[in-house]
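Below: the structure, in structure tokens.
In the working numbering, the protein residues as written are 5 to 358.
As structure tokens, then:
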């Protein structure tokens with residue numbers, strides 16, 4: 005299970021095979037942000053924090069997203085039409101109103117265009133005020149927060165019955181000089197998962213912290229924490245009430261694509277910069293089961309092609325692996341109209357995590 009943490013922090017380059025016998029007419033790229041400072045970062049000594057805060061995109065994260073942008077531009081360059089030379093006016097970028105997702109998008113397009121964009125305001129002219137961006141937050145009327153809180157309560161009841169988790173909680177509190185408490189117990193477990201990840205991959209710890217943690221960074225502990233984090237997030241992504249919040253976003257994406265295909269604008273590429281829950285919910289809404297945590301910089305790529313008869317079909321992929329959608333009859337390509345019909349009904353069905 006240790007390798008999952010390594011994969012989690014590693015962005016997958018695009019290795020898809022371009023389609024030579026179909027005309028690419030539109031692309032949608034939905035991504036999670038890059039590497040960010042951990043949830044426990046504000047508990048570290050002040051000399052380490054240096055005016056940074058929990059959740060900020062790291063320099064490593066910016067480089068990851070820049071590389072991802074370069075990788076995607078190289079992929080599109082294989083297509084002989086306008087996609088090999090896209091301009092800013094051909095791209096619509098959306099982001100949640102969270103700084104790390106905005107910074108991730110800016111870094112991505114620095115790599116995509118091989119240029120340095122100086123200001124967010126010129127790149128995202130309406131990032132703060134534009135109501136359309138609300139479709140990316142999944143927090144309408146606090147619905148998601150309610151689901152998360154209920155999930156935490158359920159997790160706590162399970163964790164509190166297991167001596168392993170009690171031990172881990174106490175060790176976490178000891179390392180960061182925190183009072184031991186079972187309040188929001190599962191949140192500490194997720195912090196601990198972050199702790200293992202960043203202990204392995206970052207140089208932000210002082211000697212005293214390293215000495216305290218060395219005694220419990222064995223594989224069994226990592227596996228224990230990792231399995232519970234997966235259980236929590238996958239349960240959240242598969243929750244019926246949570247998935248219902250994905251439907252408006254999926255149809256917002258569809259509406260964007262339809263407007264562009266109907267020549268209501270010049271957009272050929274829609275880019276959505278979000279979070280792990282963004283991808284989990286879209287996958288669930290499309291009838292796709294997910295059995296592990298969404299890695300940093302993970303991406304969904306939806307490519308739209310025009311057949312010789314004018315029919316629009318789409319290819320759906322996750323981290324460069326083609327996903328055969330339930331509405332595609334076992335094929336790599338799915339009729340766009342069939343996809344719309346399927347998506348409109350998908351959240352009404354029950355899904356189970358494998």
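In this text, a Cβ means the ideal position worked out from N, Cα and C, and glycines have one as well.
query: Around the C-beta of residue 154, are 16 or more other C-beta atoms found within 10 angstroms, so that it is buried, or is it exposed?
result: So residue 154 counts as exposed.
Residue 114 versus 94, 70 and 100, residue with shortest Cα-Cα distance: It is 70 whose Cα lies nearest to the Cα of residue 114.
- prompt: Taking just the CA atoms, how far does residue 61 sit from residue 232?
  reply: Distance between the alpha carbons of residue 232 and residue 61: 25 Å.
- prompt: Considering only the beta carbon of each residue, do residue 277 and residue 100 sit closer than 9 Å?
  reply: Yes; because the gap between Cβ atoms is below 9 Å, this pair is in contact.
- prompt: Of all the options 282, 312 and 343, which has the alpha carbon lying nearest to the alpha carbon of residue 102?
  reply: Checked all of 282, 312 and 343; the closest Cα to residue 102 is 282.
query: Rounded to the nearest angstrom, how far is the Cβ of residue 22 from that of residue 83, given a contact under 8 Å?
result: Confirmed, about 6 Å.
- prompt: What residues in its chain sit with their C-beta under 8 Å from that of residue 362, if we drop five residues either side in the sequence?
  reply: Residue coverage of the chain in this structure runs from 5 to 358, which leaves residue 362 outside it and unanswerable.
field: Three-pair Cβ contact test at 8 Å for the segment 306–317 versus the segment 334–343
entry: They touch, by the three-pair rule.
Contact set for residue 188: own chain, Cβ-Cβ below 8 Å, skip 5 residues either direction: So the list reads 156 and 160, once near-sequence residues are dropped.
query: residue 81: buried (16+ other C-beta within 10 angstroms of its C-beta) or exposed?
result: Of the residues assessed, residue 81 falls on the exposed side of the cut-off, its CB having fewer than 16 other CB atoms within 10 angstroms.
field: Nearest-angstrom beta carbon gap, residue 168 and residue 105 [assumed within contact, 8 Å]
entry: The Cβ separation is near 34 Å, so there is no contact.
query: Any idea what DSSP makes of residue 294, helix, strand or coil?
result: Coil, per DSSP.
message: Looking only at its chain, what residues have a beta carbon closer than 6 Å to the beta carbon of residue 95, apart from the 5 residues adjacent to it on each side?
response: So the list reads 273, once near-sequence residues are dropped.
- prompt: Where does residue 332 sit, in a helix, a strand or coil, going by DSSP?
  reply: Residue 332 falls in the helix class under three-state DSSP.
message: Are the CB atoms of residue 107 and residue 54 within a distance shorter than 9 Å?
response: Against a cut-off of 9 Å, the Cβ pair of residue 107 and residue 54 comes out as no contact.
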